[in-house]
Amino acid sequence: MADRHGDAAVGFHSGELAVQDRAGVSGQAGRLSGMVARGQLRSATADFLSSARLAVVTARDAAGRLWTSPLFGEPGFLTAADATTLRLDSPLPEADPLYAMPNHQPAGAIVIDFATRRRWRINGMLTTEPAGNLVIEVDQSYGNCPKYIQTSNSPAGASAADRELVFTGDRLRAEDRRLIQHADTFFLGTTHPASGADASHRGGSPGFVLTAHDRVWFPDYPGNNLFNSLGNIAVDPSAALLFVDFTTGTTLQLSGRAALTWDDQPADDGYTGRGVGFTAERVVVTRTP
214 MADRHGDAAV GFHSGELAVQ DRAGVSGQAG RLSGMVARGQ LRSATADFLS SARLAVVTAR
274 DAAGRLWTSP LFGEPGFLTA ADATTLRLDS PLPEADPLYA MPNHQPAGAI VIDFATRRRW
334 RINGMLTTEP AGNLVIEVDQ SYGNCPKYIQ TSNSPAGASA ADRELVFTGD RLRAEDRRLI
394 QHADTFFLGT THPASGADAS HRGGSPGFVL TAHDRVWFPD YPGNNLFNSL GNIAVDPSAA
454 LLFVDFTTGT TLQLSGRAAL TWDDQPADDG YTGRGVGFTA ERVVVTRTP
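Residue numbers (the numbering used here): 214 to 502.
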């Protein structure tokens, strides 16, 4: 389907269709295809966005690496300037790997409210204003169900601008693995050559994400059967993970490569036979002082 930006397409691409077919849910996904067609920021969506305190954005840095970054703010920092324009008035700190990222690139965003268990995905073209605020020209805009959203998480009081660099490298440290093993929430960034970047939320009981050395594995729980993230990975292995410890203010960002797993795993408590293996190639840790 043609896209007005030429880079970020809408509808299902070949990777999504292939995963839907292998999972045996092509018919179910087809009935929901209208949900991911070109969307607008309608009044109810705009109201939700204006109340949010956390948005997560997936894009590429100047070296072409994919990252997923958090944006924190008080209610009102996200605004729908019009039906196809989202403003994110929360500049990324210098410690974030997407600080000084290339301008005008496909990006994915997810806005989440843990307390009300609401989340909204937005995909489009991202630009950075001179003051550092972000703007997304929207191609896709749609909600996700409240499954797996943990209400105990709270971004209240967090500020993106306050984050300071703690560690950067190409290997996971022991403390990074501990953070992952105790997490009940993380964010997954993926991309597709024609459809652009995407950001999604994953949740479960602490321990649902496994890690050893620089490898991470997590199950794919039952969902809407659209397989936006897994479909992207089927075509392009570039991926990014974001873990946030809201208690300590620690943010763990990973950039690397992902691959789908289709064999039964002992840790597959979703019983779908699907999972994602991820190898970290770059690691960035920040913390709010």
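Even for Gly, the Cβ is constructed at its ideal location relative to N, Cα and C.
With 16 other Cβ atoms within 10 Å as the buried cut-off, status of residue i
{"i": "TRP333", "result": "buried"}
{"i": "ASP433", "result": "buried"}
{"i": "ARG255", "result": "exposed"}
{"i": "ASP260", "result": "exposed"}
{"i": "ALA221", "result": "Here the model assigns ALA221 a pLDDT of 36, short of 50, so the residue's position is not dependable and the matter cannot be decided."}
{"i": "ALA344", "result": "exposed"}
{"i": "HIS218", "result": "Note that HIS218 scores 36 on pLDDT, short of 50, meaning its location in the model is unreliable; the coordinates nonetheless yield the value given after this. Label assigned to HIS218: exposed."}
{"i": "HIS226", "result": "buried"}
{"i": "GLY228", "result": "buried"}
{"i": "GLY409", "result": "buried"}
{"i": "PHE290", "result": "buried"}
{"i": "VAL496", "result": "buried"}
{"i": "TYR484", "result": "exposed"}
{"i": "HIS317", "result": "exposed"}
{"i": "HIS414", "result": "buried"}
{"i": "PHE380", "result": "exposed"}
{"i": "PHE456", "result": "buried"}
{"i": "MET214", "result": "Low per-residue confidence applies at MET214: pLDDT is 34, beneath 50, and the placement is therefore not dependable, though the value from the model is reported in the following sentence. Counting Cβ neighbours within 10 Å, MET214 comes out exposed, since fewer than 16 surround it."}
{"i": "SER451", "result": "buried"}
{"i": "THR258", "result": "buried"}
Where the alpha helix (DSSP H) through residue i begins and ends
{"i": "ASP227", "result": "Here residue 227 is Ser; the residue named in the question, Asp, does not match the sequence. That run of the alpha helix (DSSP H) goes 227 to 236."}
{"i": "ILE393", "result": "387 to 395"}
Opening and closing residue of the beta strand (DSSP E) in which residue i lies
{"i": "GLY444", "result": "Note, GLY444: premise wrong, no beta strand (DSSP E); alpha helix (DSSP H) at 441 to 448."}
{"i": "THR258", "result": "Where THR258 is concerned, there is no enclosing beta strand (DSSP E), although the alpha helix (DSSP H) it sits in stretches over 256 to 264."}
{"i": "ALA472", "result": "463 to 474"}
{"i": "GLN318", "result": "318 to 326"}
{"i": "ILE335", "result": "331 to 341"}
{"i": "ALA344", "result": "Segment: none, ALA344 is in no beta strand (DSSP E) and carries neither H nor E."}
{"i": "SER418", "result": "Per DSSP, SER418 belongs to no beta strand (DSSP E) and is neither H nor E."}
{"i": "HIS405", "result": "398 to 405"}
{"i": "PHE491", "result": "488 to 500"}
{"i": "ASP295", "result": "291 to 295"}
{"i": "ASP458", "result": "451 to 458"}
{"i": "THR364", "result": "Note, THR364: premise wrong, no beta strand (DSSP E); not H, not E."}
{"i": "ALA272", "result": "267 to 273"}
{"i": "PRO283", "result": "279 to 285"}
{"i": "PRO432", "result": "428 to 432"}
{"i": "GLU377", "result": "377 to 382"}
{"i": "THR298", "result": "298 to 301"}
Sub-9 Å separation of residue i and residue j beta-carbons
{"i": "ILE349", "j": "VAL269", "result": "no"}
{"i": "LEU279", "j": "THR271", "result": "yes"}
{"i": "ASP411", "j": "SER442", "result": "yes"}
{"i": "ASN357", "j": "HIS405", "result": "no"}
{"i": "GLY402", "j": "ALA472", "result": "no"}
{"i": "THR492", "j": "ARG391", "result": "no"}
{"i": "LEU311", "j": "ASP389", "result": "no"}
{"i": "ARG273", "j": "PRO306", "result": "no"}
{"i": "ASP302", "j": "GLY321", "result": "no"}
{"i": "LEU378", "j": "ALA308", "result": "yes"}
{"i": "VAL351", "j": "ALA296", "result": "yes"}
{"i": "GLN363", "j": "PHE400", "result": "no"}
{"i": "GLU494", "j": "GLY469", "result": "yes"}
{"i": "LEU423", "j": "GLN394", "result": "yes"}
{"i": "THR292", "j": "LEU262", "result": "yes"}
For residue j and residue i, believed in contact at Cβ under 8 Å, the rounded distance
{"i": "SER354", "j": "GLY252", "result": "3 Å"}
{"i": "GLY416", "j": "ASP397", "result": "6 Å"}
{"i": "VAL489", "j": "TRP430", "result": "7 Å"}
{"i": "ALA275", "j": "ALA236", "result": "With a Cβ gap of about 36 Å, ALA275 and ALA236 do not count as contacting."}
{"i": "ASN346", "j": "ARG300", "result": "7 Å"}
{"i": "ARG376", "j": "THR501", "result": "6 Å"}
{"i": "PRO359", "j": "ARG330", "result": "4 Å"}
Any chain B beta carbon closer than 9 Å to residue i
{"i": "GLN253", "result": "Absence of chain B from the displayed structure is noted, only one protein chain being present."}
Near the ligand HEM: residue i beta-carbon under 8 Å from a heavy atom
{"i": "ALA294", "result": "Although the ligand HEM was asked about, the structure shown includes no ligands whatsoever."}
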